[in-house]
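Chains as they are written, first to last, in the working numbering: chain Z, -5 to 187; chain E, -5 to 187. Here a beta-carbon is modelled for each residue, glycine too, at the ideal position from N, C-alpha and C.
2 protein chains.
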Amino acid sequence: MNTAFTIWCTGLPSSGKSGLADALGPAISSRGFQVEVINSGRMRRTPLGASLGFSKNDRDTNLRRHAFASNLLVKNGVVAIVSAVSPYAATRAAIRNELDRFLEVFVSTPKAACIERDVDGAWAKALNGEIRDFTGVDAPYEAPVDADVEVDLSQLSVEAAVQRVILKLEDLKWVAPLQNRGTEDDRLLDPGL
Amino acid sequence: MNTAFTIWCTGLPSSGKSGLADALGPAISSRGFQVEVINSGRMRRTPLGASLGFSKNDRDTNLRRHAFASNLLVKNGVVAIVSAVSPYAATRAAIRNELDRFLEVFVSTPKAACIERDVDGAWAKALNGEIRDFTGVDAPYEAPVDADVEVDLSQLSVEAAVQRVILKLEDLKWVAPLQNRGTEDDRLLDPGL
């Protein structure tokens, strides 16, 4: 069994975390891993997340549950990819401490670009005061200063960001490099390749 | 990948559920499965269970979380073995409905035998009125009437109970029978067997 690991994508709302997490899924399963993507927004609509609000305490509980689920998966050989705002540095540090192989990916798309993306309209509502405790408006985001990988999705395509994460995983030897599949000429000579 | 499943052990406190679940772990992993045992008592000391009490509502939330964790594991090919009092028939039915391959094991050790076992002293405290909402004392236990397997651990050894569960899993073709390893004579003739 391959040794599994956790990839934790942190960043502002609408920074592109969940799109990155979804794209990382197939990229990592193609390296021979079973992979589960845990999306914080979706998790809040399950029995694990229901009843939790957005106070610091509830946010922390929410993230500890993500960490618990990741740990359950990872110890059984399944790679866990979490996308969650995870705004507090101390909470992220505690979770890193709890989990064995933990890769922190900072999705550093700037606030202005996140507001422009606003995939679910939540930034607009928060800026209008319709919703409260919104990270980046009236709740803090403590940006990582030592993330393992940083990707700004206003500058990089999702594919390029996936590539950066994969290269980091290869550097760490958590995933093996793809085998050389031969040159284009080899493939022309042997259609089986 | 083998198709995984959930084994859900329900029964009174101190009926022997968690001992059975722990013994089922290696029996099933020897059939080529990755296995995770989820013990309800231990789960209550994690971020998934902390803050939950023993009201009907909190018990239900607790079990829905066990089901969520099982589902996460099973869809990634890991067998989930849950031991939890799970006293309400409707909750058990809802969980069975939610999960694909679900084997309900009723640990039917009678109340008198559970009180005698009283592995953690909780029966004594409940009977003294020191703790409330205790299943079998002042909270109901709705015994299953159609469990897939029933084992009374005041009559059966844990090993015999494991064997019953395994036979049921073989009947369902969820696990393959162990290969014939030859007779004792074969083994004497060929030390490699």
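Inset, instruction - Name, in chain order, the residues that DSSP records as bridge partners for Cys3/E. - result: Translated into the one-based positions of the second sequence, residue 3/E becomes position 9. Ser77/E and Val99/E.
Inset, instruction - Please determine, among Asp54/E, Ile1/E, Ser102/E and Leu150/E, the residue with the shortest C-alpha to C-alpha distance to Ser64/E. - result: Residue numbering aside, residue 64/E sits at position 70 when the second sequence is read from its first letter. Taking only the C-alpha atoms, the option nearest Ser64/E is Ile1/E.
Inset, instruction - Tell me whether the beta-carbon of Lys167/Z lies closer than 8 Å to the beta-carbon of Val143/Z. - result: As a working note, residue 167/Z is residue 173 in the first sequence. As a working note, residue 143/Z is residue 149 in the first sequence. No, the pair does not count as a contact, with Cβ atoms beyond the cut-off.
Legend entry - Pairwise C-alpha distance: Ala78/E and Asn122/E: In the second sequence, counting from the first residue as 1, residue 122/E sits at position 128. In the second sequence, counting from the first residue as 1, residue 78/E sits at position 84. The alpha-carbon separation between Asn122/E and Ala78/E amounts to approximately 23 Å.
Inset, instruction - Say whether chain E places a C-beta atom closer than 8 Å to the C-beta of Asp179/Z. - result: One-based indexing of the first sequence puts residue 179/Z at position 185. For Asp179/Z, the predicted structure reports a pLDDT of 48, less than 50, and the residue's modelled location is therefore unreliable. A value from the coordinates is still provided. Asp179/Z does not count as touching chain E.
Inset, instruction - Pull up the distance between the alpha-carbon of Arg36/Z and that of Gln28/Z, whole angstroms please. - result: In the first sequence, residue 36/Z corresponds to position 42, counting from 1. In the first sequence, residue 28/Z corresponds to position 34, counting from 1. Looking at the two C-alpha atoms, the distance is approximately 20 Å.
Inset, instruction - Just list the beta strand (DSSP E) runs in the stretch 13 to 41 of chain Z, keeping only unbroken ones of 3 residues or longer that don't cross its boundaries, in chain order. - result: 28 to 33
Legend entry - Buried versus exposed, by CB contacts within 10 Å (16 or more), Val145/Z: Locating residue 145/Z in the first sequence gives position 151, where the first residue counts as 1. When all chains shown are included, Val145/Z counts as buried.
Inset, instruction - If I'm right that Gly195/E touches Ser102/E with Cβ under 8 Å, what's the distance once you round it to whole angstroms? - result: Outside the shown range of chain E (-5 to 187) lies residue 195/E, about which nothing can therefore be said.
Inset, instruction - Use the C-beta contact count for Ser49/Z: other C-beta atoms within 10 angstroms, 16 or more gives buried, fewer gives exposed. - result: If you number the first sequence from 1, residue 49/Z lands on position 55. Exposed is the label assigned to Ser49/Z, since fewer than 16 other Cβ atoms lie within 10 Å of its Cβ.
Inset, instruction - Check the Cβ of Ala63/E against every Cβ in chain Z and list those closer than 9 Å, keeping chain order. - result: If you number the second sequence from 1, residue 63/E lands on position 69. Simply Leu42, Phe62, Ala63 and Leu66.
Legend entry - Closest residue to Phe128/Z among Pro81/Z, Glu98/Z and Arg86/Z (Cα-Cα distance): Taking the first residue of the first sequence as position 1, residue 128/Z is located at position 134. Out of Pro81/Z, Glu98/Z and Arg86/Z, Pro81/Z has the C-alpha closest to the C-alpha of Phe128/Z.
Inset, instruction - Mind checking which residues open and close the beta strand (DSSP E) that includes Val143/E? - result: Indexing the second sequence from 1 puts residue 143/E at position 149. Judged by DSSP secondary structure, Val143/E falls within the beta strand (DSSP E) whose first and last residues are Val143 to Val145.
Legend entry - Proximity winner among Tyr135/E, Cys3/E, Arg111/E and Arg95/E, relative to Ser148/E (alpha-carbon distances): Taking the first residue of the second sequence as 1, we reach residue 148/E at position 154. If we check each option's Cα against that of Ser148/E, Arg111/E comes out closest.
Inset, instruction - Flag this pair as yes or no: are the beta carbons of Pro7/E and Gly130/E separated by less than 8 Å? - result: As a working mapping, residue 7/E is identified with position 13 in the second sequence. As a working mapping, residue 130/E is identified with position 136 in the second sequence. The Cβ atoms of Pro7/E and Gly130/E sit closer than 8 Å to each other.
Legend entry - Proximity to Asn56/E [Cα-Cα], best of Val76/E, Gly13/E, Cys108/E and Arg158/E: As a first step, residue 56/E is located in the second sequence; it is residue number 62 there, counting from the start. The candidate whose alpha carbon is nearest that of Asn56/E is Val76/E.
Inset, instruction - Within its chain, find whatever has a CB closer than 8 Å to the CB of Asp132/E; leave out the 5 residues flanking it on each side and keep chain order. - result: Stepping through the second sequence from its first residue, residue 132/E is reached at position 138. Within its own chain, the residues whose Cβ lies closer than 8 Å to the Cβ of Asp132/E, once the five positions on either side in sequence are excluded, are Ala120 and Arg126, listed in chain order.
Legend entry - CB contact flag (Glu98/E, Pro138/E, <8 Å): Here residue 98/E corresponds to residue number 104 of the second sequence, with the count starting at 1. Here residue 138/E corresponds to residue number 144 of the second sequence, with the count starting at 1. Going by C-beta atoms, Glu98/E is nearer than 8 Å to Pro138/E.
Inset, instruction - Identify the contact partners of Gly71/E in chain Z, using a Cβ-Cβ distance below 9 Å as the criterion. - result: Walking along the second sequence from the start, residue 71/E turns up at place 77. Neighbours of Gly71/E on chain Z, chain order: Gln28, Asn70, Gly71 and Val72.
Legend entry - For Ala141/Z, the nearest candidate out of Asn51/Z, Ser24/Z, Arg59/Z and Phe96/Z (CA to CA): Here the question's residue 141/Z lines up with position 147 in the first sequence. The option with the nearest alpha carbon to Ala141/Z is Phe96/Z.
Legend entry - Cα-Cα separation between Arg90/E and Leu66/E, rounded to whole angstroms: The residue labelled residue 90/E in the question sits at position 96 within the second sequence. The residue labelled residue 66/E in the question sits at position 72 within the second sequence. Across the structure, Arg90/E and Leu66/E are spaced so that their CA atoms are roughly 15 Å apart.
Inset, instruction - Drop a sphere of 10 angstroms on the beta-carbon of Ala155/Z, count the other beta-carbons inside from all chains shown, and report buried for 16 or more, exposed for fewer. - result: On the first sequence, position 161 is the one that residue 155/Z refers to. With 16 or more other Cβ atoms within 10 Å, it is buried.
Legend entry - Counterpart residues of Ala133/Z in DSSP-defined beta bridges: Counting from 1 along the first sequence, the entry for residue 133/Z is found at position 139. Looking at the DSSP assignment, Ala133/Z forms a beta bridge with Thr129/Z.
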